[in-house]
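K.L.:
Chains as they are written, first to last, in our numbering: chain A, 1 to 356; chain B, 1 to 789. We put the beta carbon where it would ideally sit given N, CA and C, even for glycine.
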Amino acid sequence: MSVHRQIAEARAAAVSSIEQADDLESLMALESTLFGKKSQLGSLKRLMAEVNAKERAGVGQALNEAQEIVREAHAVAKERFLSVTRRVQLEAERLDLSESLESTARGHLHLVTQTMERLEDVFVGMGFTVSEGPQAETDWYNFEALNLPAAHPARSMFDTLYLDLGDRTEIGDGEGGEATNILLRTHTSPVQIRVMETSPPPIYTVCPGRVFRRDTADASHMPVFHQIEGLVVDHDISLADLSGTLNEFTAAYFGGSIRSRLRPSYFPFTEPSAEFDITCVICEGDGCQTCQRTGWIELGGCGMVHPNVLGNCGIDSEEWTGFAFGFGIDRLALMRYGIKDLRDMYTNDIRFLRQF
Amino acid sequence: MKVLLSWLREFAPIDGDPQELADHLSDLGMAVEEMRLLDPLDGVVVAKVVDLRRHPEADRIQLVDVEIDDEQLQVCCGAFNMAIGDLIPFATIGTVMPNGMEISQRTMRGEISNGMCCSASELGLGSDRDGIMILPNDLHLGAPLMDQLGLEGDVLWDLEINPNRPDAMSVAGVARDLAARLGLPFAIPKWATAQTDDSGNELATIQIQDGSLCPRFCARVIRGVTVGDSPLWMQMRLTLLGMRPINSVVDVSNYVMLELGTPNHTYDLSLVPRGHIGVRRAQEGETIVTLDNQERELAPGDGLIVDHADQPIGIAGVMGGASTEISSSTDAVLLELASWEPESIARTSQRLGIRSEASARFERGTDWDINSLAVERFCYLLNEVSPGGVEVVGQVIDAEGILPDRISVPVRTSRISTLLGRAFGADEIRSLLEPIGFVVEQTDDVNVQSVTVPSFRPDTETETDVAEEIARHYGYGKLGSTVPRSPEAGHLTPQQKLRRVVRQVMVGAGVAEAMPNPFIAPDEIAKASLQIDDPIRLLNPLAVEESVLRPSLLPGLLTAMSYNYSHRNRGVGLFETGVVFEISADDAPLPAEHEHLAVLLGGRDAFAAISLMETLASALHLQFELSNSDDLPGIHPTRGARISVGRLEVGVVGEVDPGVLERYEIDERCGWLDIRLDLITDAAVAAGDVSYQQVSSYPSSDVDLAFLVNDGVQASTIEDTLRKAAGEELQGLALFDVFRGDQLEGSSRSLAFSLRLQAADRTLTDEEVGVVRQRCIDAVESLHPATLR
């Protein structure tokens, strides 16, 4: 039998034994008979010495080819068995993913916080910083510096909660040596005063925060609520600047179709003063129940910072002018989600909190 | 302030679309809160009652025959207040009433009813629903009611008037402003009443003892007064403007107040001894019985009307005294038309709790200049409405206190233009201000106008105030709209950014943000086992349950948790970032305010809180150190620890005291983390950016060490020792197993730590790892009551 014939037979026998293997184990058991030194093809290799030099190259090549074919057949068979095994294993791991028992729910930011952060973001985008200050304040910062001396009738607009601090109620830094009362701030305007006292103009800042009024809680009032106020003091700041800034804010916060307008009003700390209305966000100006068919809803108050207020903070009102504005945050949150009762925001019912 | 179009028209020829007029009013700063086009009441006519009969089958209704023109109709009516011959409003068949009901022919208990006799309330003309409205006798039978009342096509606006607009608290003042906007002429008629007697001036004397209290007091004696009903047209106007008709004298008084903004008062002259009226401030301890028969205690500074013997007979501008009250037997009346110091009226009316239409006007400041004209108006009207007329005696008695100066304000056109953001010229300023009563004169300086303020605008004192008037009448909306730009970019402070990071960590950990009330009840301090003796109290709380400023976030979150448990929502995690208050440690008057982050984890133990704390530490790149502590207020006595950053104590962590949970009716353990947000964000900012460590490319080795450690020693202490002993090759250190069991001696437990060692510049040899391992063992065993297991 020629060497080539022997090689062909050995190859065929090897491939046949591979094909006959039933599983991975018997296939692996074949490895030494197929590839070892004692394998048929291996023993043929040893015959190479007996082949004459002229044929040696041809025989060597045939041997290599045969070995390659066997390896290939073995690899294919192995892969086939492995994939079957893996499939069986994977099948055994099958899950109904809807059987999940435990879940880590995401937490929630309070609606007021979300609204406050959105407002801050809009104003930061417009070049403002965010200022904060104490919630308990002196008469001076909450009222007097804001052009509301003790006898000012407009003080009744702010039903104020005062603190009982014993002896300290009457001491303190009431400017000009006056006795001073400590109260819970009725607006975030005292923060404006503190900013003006400490930082020279130009000033572009907003003051968000918690404020307090002596109001019995009902669907639209809470004794504790939140406001954001804005303050700009710079050269040649005008009422037209106030109007433009509020327009830009309104478009950025509420969307392009919502506009703002100013109406004359009165606040002791601003002159001229204005109410700040926006297009009704419910009907977009067509008139509905929310806006009492006017197409507008009142958002807040604003105006040019009163020269007395600038003066109280040591700012020369001839050199600098400014505007301020302010509005409630809670009501914005209510409006956005159609919440009917302000008190719902403060029961801390998880069924409420987790909706946002 | 409500105004009626027909009434405004008595001062200026105002006309046009009611909605457009409303828009102008709002744009002038008198926001229209409600606009009502008076119902034309088509089909409601004047009818005469010609017969009244019992209904044969019913007691509560009667049969009424009414006459309209020549027609006579029977109706059934539930009211019994009319008499034969009375004129009444009658809704004919087919009339649609203001409430939408259509009148049809009906049969009531067998009797036909051909229409309806109407009450004022049913017609939307008042609140009186008790009886049928009785009309004056001079109306035309069968004529449309609204036409006969002069209210056809009339419009009622309810305006919100700002405190700086005393002038707009009157029909005339609103008319002046609106006429100016519309470019219409405005005039207050010169009412005058023929004097019947010039001799009686000595009947009354006015003596102002305190001129700052009362700048001007006008008075007049009117004789022959009979107190009766005022005419329907007057009653209608008063009713529509929100006042209840009382009698002719009171109605005229209110009418003049609404029309001219001048509250006034009438005395029965015969009850004012010698007709002498004095004006002074009250002294300590004085009292007076007011019109409502209440004895009032007066405070020093209250304005008083006193008689010749210096005894109080009225509280100035707030309420008259009972002793001089008008009655049906009054013949001679002394009319008071005075102005008062606004602050005094505000104080007195607030203290006594007497707020009225009059005090609302005096508080804003009334126009002292119009007082004598208002006297004329009063006399004119009282003469008109009294069937026999009245006898107006002598001249107006005019006493002056300290009259406010007429203010002239120098106004720079350049300043106005800067403030308003639009260039205004002198002529334009004049044309905007003069129609509302300001006098504008050019000064020698071409840039400066001298603007004299009218007496009815006491609020206007400065150039800026004048700027507002210019802007208001020009129109805020027409000024243009520009956006100034900050020279610096907008930004949050590092602390503000970190506060947001902290909140997001909480959200990521599945915790929901709550906003509990910062006011708590006094007993909540004990309920939450907070050891605080002197929490800050409110001086004027709304309720005792909300009378203390929270010294901790614990009570609020427990209340919120308790609410959720009581609604069968268990296992809730809540957090809050908020301020707590305490008396300042130094002498500062303001309380100390510290911002905290607190987390309450329902149904979770202390380790859940620790795990959250670790996440937070990692987010802020801070190292929190723990020390177990048995004495933390409100915290589980054996499951609590203090947290510190370096040597700074920043908070507490653990579980809530079971006794506290019981009092809040929470029947599961609750993990608790309370940390000073202000301190940790400051610490994180101070720490600066993290310092980058290049990741080693050499293999690492792990060493596991288990020690038997006495329970008295914190695991974290062992951890610290290991960390120090292991040295710079330590890459990771974790406690991975804690075991307690009977086979372990005494009060010890096994703590198993895993250490990962790695060098930056080489592969550690087995010997090197062995050296570190031994160093760690030696350190722990020598420094603590601990042995290697």
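Is the segment 547 to 557 of chain B close to the segment 520 to 530 of chain B, with three or more CB pairs under 8 Å?
P.N.:
Cβ pair count under 8 Å is three or more, so yes.
K.L.:
Below 7 Å between beta carbons is the criterion; list the residues of the segment 26 to 55 of chain B that meet it against any residue of chain A, in chain order.
P.N.:
Residues S26, D27, L28, G29 and A31.
K.L.:
Can you name the start and end residues of the alpha helix (DSSP H) that S248 (chain B) belongs to?
P.N.:
Element bounds for S248 (chain B): S248 to L260.
K.L.:
Within a Cβ cutoff of 7 Å, which residues of the same chain sit near G338 (chain A), ignoring the five residues on either side of it in sequence?
P.N.:
Once the five neighbours on either side are set aside, G338 (chain A) has no close Cβ partner at all.
K.L.:
Does DSSP put S16 (chain A) in a helix, a strand or coil?
P.N.:
Three-state DSSP puts S16 (chain A) in a helix.
K.L.:
Can you list, in chain order, the stretches of the beta strand (DSSP E) that have 3 or more residues and sit fully within the segment 678 to 723 of chain B?
P.N.:
Listed in chain order, the complete beta strand (DSSP E) runs (minimum 3 residues) inside the segment 678 to 723 of chain B are 701 to 710.
K.L.:
Does the distance from the C-beta atom of S700 (chain B) to that of Q758 (chain B) stay below 8 Å?
P.N.:
Yes, these two residues count as a Cβ contact at 8 Å.
K.L.:
Run through chain B and tell me which residues come within less than 9 Å of D341 (chain A), C-beta to C-beta.
P.N.:
Simply none; closest approach about 15 Å.
K.L.:
Does the distance from the C-beta atom of F325 (chain A) to that of E229 (chain A) stay below 8 Å?
P.N.:
A contact, by the Cβ cut-off of 8 Å.
K.L.:
Return the residues of the segment 506 to 532 of chain B that lie within a Cβ-Cβ distance of less than 9 Å from chain C, sorted by chain order.
P.N.:
Judged by its chain identifiers, the structure shown contains no chain C, and its protein chains are A and B.
K.L.:
According to the Cβ coordinates, are A641 (chain B) and G654 (chain B) closer than 8 Å?
P.N.:
In contact: A641 (chain B) and G654 (chain B) (Cβ atoms closer than 8 Å).
K.L.:
With a threshold of 6 Å on Cβ separation, who are the neighbours of L403 (chain B) within its own chain once the five nearest residues in sequence on each side are excluded?
P.N.:
Contacts found: P215.
K.L.:
Can you give the beta carbon distance from S349 (chain B) to V318 (chain B), rounded, assuming they're within the 8 Å contact cut?
P.N.:
S349 (chain B) to V318 (chain B), Cβ: 5 Å. Contact.
K.L.:
Assuming E295 (chain B) is part of the beta strand (DSSP E), what are its boundary residues?
P.N.:
First-last of the beta strand (DSSP E) with E295 (chain B): E295 to E297.
K.L.:
Just how far apart, CA to CA, sit M561 (chain B) and L677 (chain B)?
P.N.:
Cα to Cα, M561 (chain B) sits roughly 22 Å from L677 (chain B).
K.L.:
Would DSSP call W7 (chain B) helix, strand or coil?
P.N.:
In this structure, W7 (chain B) counts as helix in the three-state DSSP scheme.
K.L.:
Note down, in chain order, each residue of its chain lying with its Cβ closer than 8 Å to the Cβ of D130 (chain B), except the 5 sequence neighbours on either side.
P.N.:
If we look at D130 (chain B) and ignore the five residues flanking it on each side, its Cβ neighbours are A79, N81 and S119.
K.L.:
Hey, does D349 (chain A) have any beta-carbon neighbour from chain B nearer than 8 Å?
P.N.:
So yes, D349 (chain A) belongs to the interface.
K.L.:
Relative to chain B, which residues along the segment 103 to 114 of chain A have a C-beta separation below 8 Å, given in chain order?
P.N.:
So the list reads T104, A105, R106, G107, H108, L109, H110, V112 and T113, given in the order they occur along the chain.
K.L.:
Cα separation between D277 (chain A) and I520 (chain B)?
P.N.:
Cα to Cα, D277 (chain A) sits roughly 36 Å from I520 (chain B).
K.L.:
Per DSSP, what are the beta-bridge partners of K48 (chain B) in this structure?
P.N.:
Note: K48 (chain B) sits in a beta bridge opposite B:E67 and B:L87.
K.L.:
Assign V289 (chain B) to one of three DSSP states: helix, strand, or coil.
P.N.:
Correct three-state label for V289 (chain B): strand.
K.L.:
May I have a chain-ordered list of the alpha helix (DSSP H) segments no shorter than 4 residues that lie completely inside the segment 463 to 515 of chain B?
P.N.:
Counting only runs of 4 or more, we get 463 to 474 and 494 to 508.
K.L.:
Would you kindly work out how many angstroms separate the C-alpha atoms of P202 (chain A) and S417 (chain B), rounded to a whole number?
P.N.:
Taking the straight line from one Cα to the other gives about 20 Å.
K.L.:
How many angstroms separate the CA atom of A585 (chain B) from the CA atom of P591 (chain B)?
P.N.:
Going from the Cα of A585 (chain B) to the Cα of P591 (chain B) covers about 9 Å.
K.L.:
How would you call R5 (chain A), buried or exposed, if buried means at least 16 neighbouring beta carbons within 10 angstroms?
P.N.:
So R5 (chain A) counts as exposed.
K.L.:
Spell out whether any CB of chain B is found under 8 Å from the CB atom of N247 (chain A).
P.N.:
So, interface residue.
K.L.:
Taking the C-alpha atoms as reference points, what is the distance between P180 (chain B) and P589 (chain B)?
P.N.:
Before going on, a small fix: residue 180 (chain B) reads as Ala here, not Pro. For A180 (chain B) and P589 (chain B), the distance between alpha carbons rounds to 51 Å.
K.L.:
Taking C-beta pairs closer than 7 Å, name the residues in chain A that R422 (chain B) reaches, listed in chain order.
P.N.:
By Cβ distance, chain A contributes A240.
K.L.:
Nearer than 7 Å: is that true of the beta carbon of S754 (chain B) relative to any heavy atom of the ligand PLP?
P.N.:
Within the structure as shown, the ligand PLP is missing, as the structure has no ligands at all.
K.L.:
According to DSSP, simplified to helix, strand and coil, what is R210 (chain A)?
P.N.:
In this structure, R210 (chain A) counts as strand in the three-state DSSP scheme.
K.L.:
Go to G365 (chain B), then tell me how far its beta strand (DSSP E) extends in each direction, as first and last residue.
P.N.:
Unbroken run through G365 (chain B): none, as it is neither H nor E.
K.L.:
Grab the span of the beta strand (DSSP E) containing E137 (chain A) for me, first residue to last.
P.N.:
Looking at the DSSP string, the run of the beta strand (DSSP E) that includes E137 (chain A) is A136 to T138.
K.L.:
Select from the segment 178 to 208 of chain A all residues with a C-beta closer than 7 Å to any C-beta belonging to chain B, and list them in chain order.
P.N.:
Listed in sequence order: T180, I182, P202 and Y204.
K.L.:
Would you verify that the beta carbon of R336 (chain A) is, or is not, closer than 8 Å to some beta carbon of chain B?
P.N.:
Taking Cβ atoms only, chain B never reaches closer than 8 Å to R336 (chain A), which makes this a no.
K.L.:
Where A619 (chain B) and V507 (chain B) are concerned, what is the direct C-alpha to C-alpha distance, given to the nearest angstrom?
P.N.:
Distance between the alpha carbons of A619 (chain B) and V507 (chain B): 13 Å.
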